[in-house]
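Take a look at the structure set out below.
Chains as they are written, first to last, in this note's numbering: chain F, 37 to 232; chain B, 342 to 749.
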């Protein structure tokens, strides 16, 4: 592994657990066995590292989601929404560090003043929500999802519910594994065309 | 086709001037009630709920219901509908909806000084205390209204009108003559540009209603059917929001193009919070010098600091018990219960109230006594309004800090 990658990996680990502002550079230096000068050779400053992590997150996670979206499915749009929920929860678990960073306050504060950060975050969330939205639109076309539902807004609401489950688990608020099936059923009831 | 609009402070001869204008011009009188009724028909809101938009108070639940924004949007649309009839005298809050680009409107404001207004109210046999309360409430509502619609918190600012008439100096007859003389000028003949501006106003109102119905709080500008939407709320998924806004607006009849832009407040995380918490919201002024304290109250109002007034120690203590002010500005020398005694009692029963002493007679001993009794600050008359409002802000910061630390 290249030195630059190692630094990023260690920084992701530290930022995810301690938060951005509580991660001192010397700790990163100690953990990677790299002099601070070398770190600054690869990255302009601490913020540069953070942006590189976000960029990296976008470059690794989004293709997986895009890949997932392209898979041809025989299923109805409603089923696709349910699968997407499971896929999102699976990704959040397997990439825990990256999602932990997305659930911190710092990136959004940075986005207010930093256009690069803003663009990366917008691309990430657009990708997440597009998947839900296109599944809902498909469901309305095939009749599995109620036609009166506003796809754009419902996609955001379903995403909001699913994403807060990730937060539940990260902060150990509840044993969320026990909620998954109810979550999926609730979303199904919310979207489906005929009330059961 | 011309229109006269009259916006007035309470008790400024409006009850004589407005009917005379109607009689002399033969124009139809339109008041807020009619516009509210029309707005109620256009929306699913009751008249009573819509009328609440005219008060300075906003419901705690408004962030979820958006009722105020919805009411205002429908009122604007109702005003635009009615305005196109022409030959009207419009009196009341809704006059401020009409944009300056509609030039065949003569904009009148009636104001008078406080002494005159109190006297007028007295003639209607209100006790002075009640009259003052009503006047302050009305002024507060009107200030909140013009601030909301025009960004200007001074409802009597001459920039908002063609003519501002000081009715304590110019009598009702003369006021009417003055208005009629100005009405008969070429400037008020509707031009093609002015009528086009009226169409744009109507379209703007329609677009605003459509957006508000969907829960969006976006400012709308229209020029010859070209709609510009300005987004002030900081939203990360901006392109998604822009797309949604465009889809809502493009469907509306008469819209030629839609562009979105980001307002100057877009990157400020929460502009509203700053506005809300800088100044104390409940201020009590206690002073027996009536003129001084009324002027002070008005000047504070222009700085968005609303205040109640007590003229003696006894009523001050009563208001402290009933209305629980946050900050009190207190004179020392008063008949009956004096300032020091008021301070003592307030600090004994409600120590969380911050008291600012403002006196013209005090000496060094008084200052020490007051500070020992727990006064927040001790200021001498005459006081610079900037220093006083700065002191009030500091008192408010102390209150906010204590609330945060106390966890309540």
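Where a beta carbon is used, it is the ideal one built from N, C-alpha and C, also for glycine.
For residue 118 of chain F, count the other beta carbons within 10 Å of its own beta carbon; 16 or more makes it buried, fewer makes it exposed. Which is it? Working through the first chain from its first residue, we reach residue 118 of chain F at position 82. Counting Cβ neighbours within 10 Å, residue 118 of chain F comes out buried, since at least 16 surround it.
Taking Cβ-Cβ distances shorter than 8 Å, what residues in chain F pair up with residue 579 of chain B? Locating residue 579 of chain B in the second chain gives position 238, counting from the first residue. What residue 579 of chain B touches in chain F: 158.
With DSSP as the reference, label residue 476 of chain B as helix, strand or coil. Position 135 of the second chain, counted from the first residue, corresponds to residue 476 of chain B. In the structure shown, residue 476 of chain B sits in a helix (DSSP, three-state: H, G or I).
Have a look at F/63, F/136, F/154 and F/93 and flag the residue whose alpha-carbon is nearest the alpha-carbon of residue 208 of chain F. In the first chain, the residue the question calls residue 208 of chain F occupies position 172. If we check each option's Cα against that of residue 208 of chain F, F/136 comes out closest.
Residue 637 of chain B vs residue 626 of chain B beta-carbon contact at 8 Å: To locate residue 637 of chain B, count along the second chain from 1; it is residue 296. To locate residue 626 of chain B, count along the second chain from 1; it is residue 285. Yes, they are a contact pair.
Per DSSP, residue 719 of chain B forms a beta bridge with which residues? Looking up residue 719 of chain B in the second chain gives position 378. In DSSP, residue 719 of chain B forms a bridge with B/698.
Put residue 350 of chain B into one of helix, strand or coil per three-state DSSP. Sequence index remark: in the second chain, residue 350 of chain B carries index 9 (1-based). The three-state reading of DSSP puts residue 350 of chain B in coil, since its state is none of H, G, I, E or B.
Taking 8 Å as the threshold (beta carbon to beta carbon), is residue 602 of chain B in contact with chain F? Along the second chain, read from residue 1 onward, the residue named residue 602 of chain B stands at position 261. Answer no: the Cβ-Cβ gap between residue 602 of chain B and chain F never drops below 8 Å.
Any contact of the region 436-445 of chain B with the region 406-425 of chain B, i.e. 3+ C-beta pairs under 8 Å? yes
Use the C-beta contact count for residue 421 of chain B: other C-beta atoms within 10 angstroms, 16 or more gives buried, fewer gives exposed. Locating residue 421 of chain B in the second chain gives position 80, counting from the first residue. Residue 421 of chain B is buried by the Cβ-count criterion.
What residue ranges within the region 512-561 of chain B form continuous alpha helix (DSSP H) runs of no fewer than 4 residues, ordered along the chain? 513-524 and 533-554
Work out the CA separation of residue 599 of chain B and residue 586 of chain B for me, nearest whole Å. Looking up residue 586 of chain B in the second chain gives position 245. Looking up residue 599 of chain B in the second chain gives position 258. Between residue 586 of chain B and residue 599 of chain B, the C-alpha separation is close to 9 Å.
Consult DSSP for residue 426 of chain B and reduce its assignment to one of helix, strand or coil. Sequence index remark: in the second chain, residue 426 of chain B carries index 85 (1-based). Residue state, collapsed to three classes: coil.
Contact set between residue 575 of chain B and chain F, taken where Cβ atoms lie within less than 8 Å: By one-based count along the second chain, residue 575 of chain B stands at place 234. Ordered by position in chain F, the residues that pass the 8 Å Cβ test against residue 575 of chain B are 148.
Within 10 Å of its beta-carbon, does residue 217 of chain F have 16 or more other beta-carbons around it, so buried, or fewer, so exposed? Here residue 217 of chain F refers to the residue found at position 181 when the first chain is read from its first residue. By the Cβ neighbour-count rule, residue 217 of chain F is exposed, with fewer than 16 other Cβ atoms within 10 Å of its own.
Cβ-Cβ separation, residue 150 of chain F to residue 578 of chain B (assumed contact under 8 Å), whole Å: On the second chain, position 237 is the one that residue 578 of chain B refers to. On the first chain, position 114 is the one that residue 150 of chain F refers to. Between residue 150 of chain F and residue 578 of chain B the Cβ distance is about 16 Å, and since that is not below 8 Å, they are no contact.
Look at the alpha carbon of residue 221 of chain F and the alpha carbon of residue 47 of chain F, and state the distance between them as a whole number of angstroms. One-based indexing of the first chain puts residue 221 of chain F at position 185. One-based indexing of the first chain puts residue 47 of chain F at position 11. Their backbone Cα atoms lie some 38 Å apart in a straight line.
Under three-state DSSP, which class holds residue 437 of chain B? Numbered from its first residue, the second chain carries residue 437 of chain B at position 96. Of the three classes helix, strand and coil, the one that applies to residue 437 of chain B here is helix, per DSSP.
Under 8 Å from the C-beta of residue 144 of chain F: neighbouring residues of chain B: Numbered from 1 along the first chain, position 108 holds the residue referred to as residue 144 of chain F. Those are 577, listed as they occur along chain B.
Within this structure, are the beta carbons of residue 229 of chain F and residue 182 of chain F separated by less than 8 Å? Taking the first residue of the first chain as 1, we reach residue 229 of chain F at position 193. Taking the first residue of the first chain as 1, we reach residue 182 of chain F at position 146. Yes. Within cutoff.
Sort out for me which residues DSSP pairs residue 602 of chain B with in a bridge. In the second chain, residue 602 of chain B corresponds to position 261, counting from 1. According to DSSP, which records beta bridges pairwise, residue 602 of chain B is partnered with B/571.
Distance, residue 571 of chain B Cα to residue 443 of chain B Cα: The sequence position of residue 443 of chain B within the second chain is 102, counting from 1. The sequence position of residue 571 of chain B within the second chain is 230, counting from 1. About 22 Å.
Please check if any C-beta of chain A sits within less than 8 Å of the C-beta of residue 162 of chain F. Absent from the structure is chain A; the protein chains it does hold are F and B.
Beta-bridge partners of residue 713 of chain B, as assigned by DSSP: Sequence index remark: in the second chain, residue 713 of chain B carries index 372 (1-based). For residue 713 of chain B, which the question treats as bridged, DSSP gives no partner whatsoever.
Can you tell me where the beta strand (DSSP E) with residue 669 of chain B in it begins and where it stops? As a first step, residue 669 of chain B is located in the second chain; it is residue number 328 there, counting from the start. Element bounds for residue 669 of chain B: 668-671.
Within chain F, partners of residue 585 of chain B - CB distance below 7 Å: Your numbering for residue 585 of chain B matches position 244 in the second chain. Chain F residues near residue 585 of chain B: 188.
Kindly say whether residue 229 of chain F, judged by its beta-carbon, lies nearer than 8 Å to any beta-carbon of chain B. For the purposes of this step, residue 229 of chain F is identified with residue 193 of the first chain, where counting begins at 1. No - not a single Cβ of chain B is within 8 Å of the one on residue 229 of chain F.
Where does residue 355 of chain B land, buried or exposed, given buried means 16+ other C-beta within 10 angstroms? Counting from one through the second chain, the residue named residue 355 of chain B turns up at place 14. Residue 355 of chain B should be labelled buried.
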